[in-house]
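The structure under discussion appears below in the form of structure tokens.
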Amino acid sequence: MKKRNENENHGKRRKILIRVCTVIVIAMATIAVLLSRSCQWMLKTWTGLTMEELVYHLNTSLEGTNMDMIWDFVQYCVTITGIVCVLLIFACAFLRKKRKIYNSFLSVIMVLSLIMTGVSVSNVWTTLDVSAYANNQSEYSTFIDDNYVDPRDVALTFPERKRNLIYIYLESMENTYSSTENGGAFEQNVIPELTELSLQNENFSGDDQTLNGGYAMPGATWTIGAMFAQSTGLPMNIPIEKNSMNTQESFFPGIVSIGDILEDAGYSQTLMIGSDAEFGGRKLFYEEHGDYNIIDYKYALENNMIPYGYNVWWGYEDKRLFDFAKEELTDLAAQDEPFNLTLLTADTHFEDGYMCEDCPDLFGDNVYANVMACSSRQVSEFVQWGQEQPFYENTTIVISGDHLTMDSDFCEDVPEDYTRKVYTTYINAAAESQWEEYRTYTTFDNFPTTLASLGVGIEGERLGLGTNLFSGKSTLSEVYGYERESQEISKRSELIDELTSDIWLEQEEQTEQGTTEEAGTAAEEPLITADITVGAYNTETNTFSVNVSNIQSSIEPRSILCAVWPDGDQSKMIWYDTNPTGEGSYQCDVFAGDFGFQRGIYDIHVYAVDMEGNDYLIDGINQTI
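Going left to right, the sequence shown walks through residues 2 to 626 as the numbering used here numbers them.
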């Protein structure tokens with residue numbers, strides 16, 4: 002009896018052990034598949050990805066992320082992982098009574114999982130050169146310290162009649178998109194108008210008569226980093242998440258930017274963008290360094306420049322941006338002081354960009370090519386308009402890409418030996434290049450070069466890490482090679498540590514004050530609740546109703562609005578006014594025809610609007626057609 006009990010206990014322990022091992026093996030296999038597919042998806046989605054950019058993406062909030070990209074990840078990674086997991090469970094259930102085969106099966110799956118994990122990690126480790134990145138993060142270099150030229154120590158001489166500046170940052174715009182005969186990498190030129198602008202004006206290609214542009218160095222490979230680099234001649238190497246400078250009380254107070262210099266020279270300065278300027282700390286940077294007037298998406302809403310509730314892509318499209326810029330330039334030109342108008346486009350942001358109603362379909366299913374071509378035409382038309390204005394004779398126009406595109410497949414056929422650079426051109430500059438050769442430069446060089454294009458004399462021809470490209474002085478890339486410059490800038494710098502020394506302190510102070518401040522904000526925010534229901538889809542009228550009742554609010558709503566969009570695509574959002582139905586209830590009918598009778602899930606957000614026009618989200622609900 003005792004021996005029988007021992008055998009039974011041994012059998013029970015063995016069964017438990019087998020079950021535990023089975024769970025572990027299935028979990029290992031599932032994680033291995035998910036990791037492997039995720040690594041493949043990551044390298045497929047962000048071509049030319051660097052470790053610096055990966056860290057940036059991992060630390061960036063999903064807020065504002067294109068939903069198509071998230072669904073692409075789910076389909077490419079999560080779906081296949083789920084299928085594999087289910088198949089393994091069924092296989093284990095089928096084989097569990099065949100002990101030898103079952104044990105061998107688990108062993109094989111475990112070994113394959115370890116191999117798959119190892120190969121995936123090794124591939125990413127090698128592709129992103131993680132070892133070099135890790136070494137650079139801990140290794141100090143004196144490159145920045147030795148080569149940085151503080152504008153405070155440089156004599157700058159403005160012409161008697163100061164020139165106006167129009168500086169246009171083009172989102173993700175590269176020379177790559179032009180044809181090979183013009184210095185691009187595509188068989189068909191996607192940006193013909195921009196190509197012509199660059200070739201007819203100055204891009205520092207010398208006698209080559211091909212496109213040339215700046216290298217985007219580490220610390221300048223995302224939008225605010227690129228704008229900072231081109232304005233200061235420094236990389237935006239910060240000890241916090243790359244787009245979180247909006248959490249700070251100041252933005253590199255120890256540096257001098259082109260905005261500071263032009264402000265001291267008496268310029269009126271304006272930043273116009275179609276998105277929220279607070280994102281990434283852009284508003285903080287431009288207000289602190291140059292006292293720019295900020296005209297962004299929020300400003301446009303508050304000043305009725307766009308319809309109430311209007312929102313596409315990141316805010317409003319580039320078509321509107323250029324129309325608003327024309328109006329602003331007309332006003333600025335009427336003033337006595339010189340002006341600096343800085344623009345940032347957004348339609349060409351990855352993934353695939355935003356096709357406005359004016360974008361022609363020139364490249365079929367290649368949506369991103371259509372968007373780039375549309376941007377090329379819009380920028381060219383804007384420049385042509387500017388050239389016809391009275392102020393143009395005394396105005397320099399600088400057009401520069403902010404960074405290389407992060408679109409997943411647009412440049413997948415570009416040869417590996419092709420060097421990708423951001424688009425660059427200087428139009429109607431008050432300086433001529435003293436070089437006849439093709440120059441090698443980075444976007445840091447835009448800082449002094451832009452001032453020189455305004456006719457400003459620069460003692461020593463250098464500012465920040467940049468060199469005046471119109472001068473005969475070599476750039477740091479020409480002296481050291483851009484590969485070494487990139488490597489050294491990736492390392493830590495005592496100067497950058499000093500310039501960013503207050504960032505953590507300010508963040509800690511904000512954290513300590515956060516509870517009190519948030520509590521105060523919450524106390525001021527009105528409390529609004531309601532019951533929201535959606536009626537069944539009526540196939541005869543092709544409508545469904547949204548019903549709002551039992552509204553409980555600390556304010557008196559002036560009206561109730563419904564924002565509706567299909568399939569997670571907020572660019573197709575339409576606002577509907579509701580009608581009172583009695584006893585404090587409201588209703589509106591949503592017409593499927595307004596959305597091209599698109600089938601799928603419709604998102605509905607209900608807002609209350611107070612007497613001053615402020616809107617407050619009550620709640621959201623879905624309806625399926």
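Every residue gets a Cβ at the ideal spot worked out from N, C-alpha and C, and that includes glycine.
Notebook entry, point to check: Is the stretch 350-358 close to the stretch 279-290, with three or more CB pairs under 8 angstroms?
Noted result: no
Exercise. For the beta strand (DSSP E) that Phe-205 lies in, which residues bound it at each end?
Worked result: For Phe-205, there is no enclosing beta strand (DSSP E), since its DSSP letter is neither H nor E.
### Cβ distance (whole Å) where Asn-429 is taken to contact Thr-397 below 8 angstroms
6 angstroms
Worksheet item: Residues in its own chain within less than 6 angstroms of Cys-357 by CB, not counting five upstream and five downstream?
Response: Glu-318 and Lys-320
**OP:** Return helix, strand or coil for Phe-253, following the three-state DSSP convention.
**Re:** In the structure shown, Phe-253 sits in coil (DSSP, three-state: anything other than H, G, I, E or B).
| said: Mapping the DSSP letters down to three states, classify Ala-33 as helix, strand or coil. | reply: helix
For Val-423, count neighbouring C-beta atoms within 10 Å of its own C-beta (all shown protein chains included) and say buried if the count is 16 or more, exposed if not.
-> buried
### Task
Count the other CB atoms, across all protein chains shown, that sit within 10 Å of the CB of Glu-486; report buried if there are 16 or more and exposed otherwise.
buried
Got a sec, what are the start and stop residues for the alpha helix (DSSP H) Trp-223 sits in? Looking at the DSSP string, Trp-223 is not in any alpha helix (DSSP H), and its letter there is neither H nor E.
* Asked: According to the neighbour-count rule (16 or more other Cβ atoms, all chains shown, within 10 Å of its Cβ), is Glu-175 buried or exposed?
  -> buried
Going by the CB atoms, is the gap between Val-384 and Leu-166 shorter than 9 angstroms?
-> For Leu-166 and Val-384, no; Cβs fall outside 9 angstroms.
State the DSSP-derived secondary structure class of Arg-493, mapped to helix, strand or coil.
strand
For Cys-589, the first and last residue of its enclosing beta strand (DSSP E)
DSSP places Cys-589 in the uninterrupted beta strand (DSSP E) bounded by 586-592.
What does the Cβ neighbour count give for Tyr-608, buried or exposed, with the cut at 16 atoms within 10 Å?
Tyr-608 comes out buried.
- Have a look at Ser-142 and Glu-499 and give me their C-alpha separation to the nearest angstrom. 14 angstroms
Exercise. Determine the burial state of Glu-172: buried for a count of at least 16 other Cβ atoms within 10 Å of its Cβ, exposed for fewer.
Key: buried
Going by other Cβ atoms of all chains shown within 10 Å of its Cβ, with 16 needed for buried, is Phe-323 buried or exposed?
buried
Three or more C-beta pairs under 8 angstroms: does that hold for the stretch 429-447 against the stretch 456-473?
yes
Q) If we ignore side chains and look at the alpha-carbon of each, how far apart do Val-34 and Phe-74 end up? A) 13 angstroms
* Val-480 versus Asn-148 - alpha carbon distance -> 11 angstroms
**Q.** DSSP three-state assignment for Asn-623, whether helix, strand or coil
**A.** In the structure shown, Asn-623 sits in a strand (DSSP, three-state: E or B).
Original post:
Any idea what DSSP makes of Trp-566, helix, strand or coil?
Top reply: strand
Worksheet entry | Where the alpha helix (DSSP H) through Phe-323 begins and ends | 319-334
Q: Starting from the C-beta of Asp-277, find all residues in its chain whose C-beta is less than 7 angstroms away, skip the five residues before and the five after it, and write them out in chain order.
A: If the five residues before and after Asp-277 are omitted, its C-beta is found closer than 7 angstroms to the C-beta atoms of Asp-297, Tyr-298, Lys-299 and Gly-316, all from its own chain and listed in chain order.
- Distance, Ile-497 Cα to Gln-511 Cα: Reliability fails at Gln-511, whose pLDDT of 42 lies under 50, so the model's placement of it is uncertain and the value that follows must be treated cautiously. Distance between the alpha carbons of Gln-511 and Ile-497 is about 22 angstroms.
Could you tell me the boundaries of the alpha helix (DSSP H) in which Trp-386 lies? 368-388
* Taking Thr-530 and Val-549 to be in contact with their CB atoms under 8 angstroms, please state how far apart those CB atoms are, rounded to whole angstroms. => Not quite, the Cβ-Cβ distance comes to about 11 angstroms (not below 8 angstroms), so this is no contact.
**Study point:** Cβ pair Leu-342, Leu-333 closer than 9 angstroms
**Key:** yes
Worksheet item: How would you label Ala-156, buried or exposed, when you count the other beta carbons within 10 angstroms and need 16 or more for buried?
Response: exposed
Subject >> Backbone CA spacing between Ser-491 and Ser-258 [nearest angstrom] >> reply: 21 angstroms
*Taking C-alpha atoms, which residue in Pro-558, Asp-359 and Glu-382 lies nearest to Val-372?*
Asp-359
Can you tell which of Ser-180, Ile-32, Arg-153 and Asp-146 has the C-alpha that lies nearest to the C-alpha of Tyr-419? It is Ser-180 whose Cα lies nearest to the Cα of Tyr-419.
Let me check understanding here. Comparing Cα to Cα, which of Gly-220, Glu-288 and Asn-305 lies closest to Glu-250?
Glu-288
Rounded to a whole number of angstroms, what is the C-alpha to C-alpha distance between Ile-25 and Ser-121?
20 angstroms
- What are the boundary residues of the beta strand (DSSP E) that Leu-171 is part of? 165-171
* Could you tell me which residues DSSP pairs with Thr-530 in its beta bridges? => Gln-553
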